[in-house]
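Asks: In terms of the UniProt record's numbering, the sequence shown is residues 1 to 274.
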Amino acid sequence: MAFVADSTLGLTPEEAARREIHLVPQQVVHGERSYRDLLEISPQEVLRLLREGAKLSTSQVSPQDLRHLYEALLSRYRRVVSVHVSGFLSGTVATAQSVAQAFGGRVKVLDSWSLNGGLLLVLERARQLLKEGVAWEHLEEALAPYRERVLGYVLPETLTYLHRSGRISGLQSFLGGLLRVLPVLEVREGRVHPGPRVRGFTEGIRKVAALFRRDFPGGAQVYLAHAENPEGAKALGEALKAEGVEVLGVIPAGAAVSVHTGPGTVAVFAGPKG
Numbered sequence: 001m002a003f004v005a006d007s008t009l010g011l012t013p014e015e016a017a018r019r020e021i022h023l024v025p026q027q028v029v030h031g032e033r034s035y036r037d038l039l040e041i042s043p044q045e046v047l048r049l050l051r052e053g054a055k056l057s058t059s060q061v062s063p064q065d066l067r068h069l070y071e072a073l074l075s076r077y078r079r080v081v082s083v084h085v086s087g088f089l090s091g092t093v094a095t096a097q098s099v100a101q102a103f104g105g106r107v108k109v110l111d112s113w114s115l116n117g118g119l120l121l122v123l124e125r126a127r128q129l130l131k132e133g134v135a136w137e138h139l140e141e142a143l144a145p146y147r148e149r150v151l152g153y154v155l156p157e158t159l160t161y162l163h164r165s166g167r168i169s170g171l172q173s174f175l176g177g178l179l180r181v182l183p184v185l186e187v188r189e190g191r192v193h194p195g196p197r198v199r200g201f202t203e204g205i206r207k208v209a210a211l212f213r214r215d216f217p218g219g220a221q222v223y224l225a226h227a228e229n230p231e232g233a234k235a236l237g238e239a240l241k242a243e244g245v246e247v248l249g250v251i252p253a254g255a256a257v258s259v260h261t262g263p264g265t266v267a268v269f270a271g272p273k274g
């Protein structure tokens, strides 16, 4: 069995390979050109361009990249489980489902309803279910209750990049900058929802911990993520320590998060224990 994920997963190619996950690149769009995430443009270059004022966007994986990867894997494995960024946030799931039709039921495409660490949690749960003996035909049904409980909390360091990516207006950005107001974004059921607003990054860390406490009173497994803000991720981890958290790892935010929320962003993606 082979496992595929798109590059919104956030892992480096080396870490993904260590976990036996095969990555297919999303596209990072700069000007008139598209770059294949991790292959033709690095996360560090994405963040550098953002800091320099470049306007970037992201786009779904190409059908050709998916087809070539599936063909290569199916020459070595009997089946492929392909888990992707939420279909509410990207067309990748629909593209993967279309490409998978050519392989006679040997490729199962799953919508993670999340991205980054949330996608990783869902993929790892799918792998665990198969190891426990869940039938291939019933994998999506067995995964659904877990997937519904995977949540994400994203805290940008500034409103600048939300404004630049069109997520908030210029007036909102201006007023937010004056008042140092930041939004906590919540990822649930496949969509990004505006959460509470906070005064400054430090208060934002405390608010994320409070939201986590509300949603996971019994504790959870989490991945922390950041866009070149290891100290922010460390502070977030410290704030969560008292909440029954099992930190599974700290991973890069990746282009899919960084392009929209900017350098300095921190996030936590959580799923129930067990």
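Positions of the beta carbon are idealized from the N, C-alpha and C atoms, including for glycine.
(1) Going straight from the alpha carbon of residue 205 to that of residue 215, what length do you get?
(2) Cα separation between residue 96 and residue 23?
(3) Evaluate contact between the region 216 to 231 and the region 261 to 271, counting only Cβ atoms and requiring at least three cross-stretch pairs below 8 Å.
(4) How long is the line joining the alpha carbons of residue 199 and residue 210, rounded to whole angstroms?
(5) Counting pairs of Cβ atoms below 8 Å between the region 39 to 52 and the region 76 to 95, do you hit three or more?
(6) Could you compute how far the alpha carbon of residue 218 sits from the alpha carbon of residue 237?
(7) From what residue to what residue does the beta strand (DSSP E) around residue 24 run?
(8) Using CA coordinates, which residue listed in 6, 39, 108 is at the minimum distance from residue 119?
(9) Within 10 angstroms of its Cβ, does residue 128 collect 16 or more other Cβ (buried), or is it exposed?
(10) Under the rule that 16 or more other beta-carbon atoms within 10 Å means buried, what is residue 174, buried or exposed?
(11) Would you call the region 23 to 39 and the region 59 to 67 touching, i.e. three or more CB-CB distances under 8 Å?
(12) I believe residue 116 touches residue 244 by the beta-carbon criterion, under 8 Å. Please report the beta-carbon distance rounded to the nearest angstrom.
(13) With DSSP as the reference, label residue 3 as helix, strand or coil.
(14) Thinking just about the alpha-carbon of each residue, which of 93, 213, 252 is nearest to the one in residue 230?
(15) By the three-class DSSP mapping on this structure, what secondary structure does residue 254 have?
(16) Return the chain-ordered list of same chain residues with a C-beta closer than 6 Å to the C-beta of residue 57, the five sequence neighbours on each side being excluded.
(17) List the residues that DSSP assigns as beta-bridge partners of residue 153.
(18) Between which two residues does the beta strand (DSSP E) harbouring residue 224 extend?
(19) Checking the sheet assignment: what are the DSSP bridge partners for residue 33?
(20) Out of curiosity, what's the CA-to-CA distance linking residue 138 and residue 144?
(21) On a Cα-Cα basis, can you pick out the residue from 8, 114, 49, 55 that is closest to residue 38?
(22) Please list the terminal residues of the continuous alpha helix (DSSP H) segment that includes residue 237.
(23) If you draw a straight line from the alpha carbon of residue 13 to that of residue 254, how long is it in whole angstroms?
(24) Comparing alpha-carbon positions, which option in 16, 183, 147, 181 lies nearest residue 249?
(25) Helix, strand or coil: how does DSSP classify residue 79 here?
(26) Report the three-state DSSP secondary structure of residue 141 (helix, strand or coil).
Replies: Looking at the atomic coordinates:
(1) On the sequence shown, residue 205 is found 205 positions in, with the first residue counted as 1. On the sequence shown, residue 215 is found 215 positions in, with the first residue counted as 1. If I take the Cα positions, the gap works out to 16 Å.
(2) Numbered from its first residue, the sequence shown carries residue 96 at position 96. Numbered from its first residue, the sequence shown carries residue 23 at position 23. Spanning the two alpha carbons is a distance of roughly 13 Å.
(3) yes
(4) Mapped onto the sequence shown, residue 199 falls at position 199. Mapped onto the sequence shown, residue 210 falls at position 210. Spanning the two alpha carbons is a distance of roughly 15 Å.
(5) no
(6) Translated into the one-based positions of the sequence shown, residue 218 becomes position 218. Translated into the one-based positions of the sequence shown, residue 237 becomes position 237. If you take the alpha carbons of residue 218 and residue 237, they lie about 17 Å apart.
(7) By 1-based counting over the sequence shown, the position of residue 24 is 24. Counting along the chain, the beta strand (DSSP E) containing residue 24 begins and ends at 21 to 24.
(8) Counting from 1 along the sequence shown, the entry for residue 119 is found at position 119. Ranking 6, 39, 108 by Cα distance to residue 119 puts 6 first.
(9) Locating residue 128 in the sequence shown gives position 128, counting from the first residue. So residue 128 ends up on the exposed side.
(10) As a first step, residue 174 must be located in the sequence shown, where it is residue number 174. With a pLDDT of only 33 at residue 174, under 50, the local geometry of the prediction cannot be trusted, and no value is derived from it.
(11) yes
(12) In the sequence shown, residue 116 corresponds to position 116, counting from 1. In the sequence shown, residue 244 corresponds to position 244, counting from 1. Not really, about 22 Å apart at Cβ, beyond 8 Å.
(13) For the purposes of this step, residue 3 is taken as residue 3 along the sequence shown, with counting starting at 1. Three-state DSSP puts residue 3 in a strand.
(14) Position 230 of the sequence shown, counting from 1, holds the residue named residue 230. Ranking 93, 213, 252 by Cα distance to residue 230 puts 252 first.
(15) Against the sequence shown, residue 254 aligns to sequence position 254. In this structure, residue 254 counts as helix in the three-state DSSP scheme.
(16) Position 57 of the sequence shown, counting from 1, holds the residue named residue 57. Hits under 6 Å: 29.
(17) Position 153 of the sequence shown, counting from 1, holds the residue named residue 153. Its beta-bridge partners are 186, 268.
(18) Sequence index remark: in the sequence shown, residue 224 carries index 224 (1-based). Its beta strand (DSSP E) spans residues 220 to 226.
(19) What you label residue 33 is simply residue 33 of the sequence shown in a count that begins at 1. Answer is 30.
(20) Residue mapping note: residue 138 aligns to position 138 of the sequence shown, counting from 1. Residue mapping note: residue 144 aligns to position 144 of the sequence shown, counting from 1. Those two C-alpha atoms are separated by around 10 Å.
(21) Indexing the sequence shown from 1 puts residue 38 at position 38. With distances taken between Cα atoms, residue 38 lies closest to 8.
(22) Numbered from its first residue, the sequence shown carries residue 237 at position 237. Taken as a continuous stretch (DSSP letters only), the alpha helix (DSSP H) holding residue 237 covers 230 to 240.
(23) One-based indexing of the sequence shown puts residue 13 at position 13. One-based indexing of the sequence shown puts residue 254 at position 254. Roughly 12 Å between the two C-alpha positions.
(24) Position 249 of the sequence shown holds residue 249. The shortest C-alpha separation from residue 249 is found at 16.
(25) As a working note, residue 79 is residue 79 in the sequence shown. In the structure shown, residue 79 sits in coil (DSSP, three-state: anything other than H, G, I, E or B).
(26) Counted from its first residue, the sequence shown places residue 141 at position 141. It is helical.
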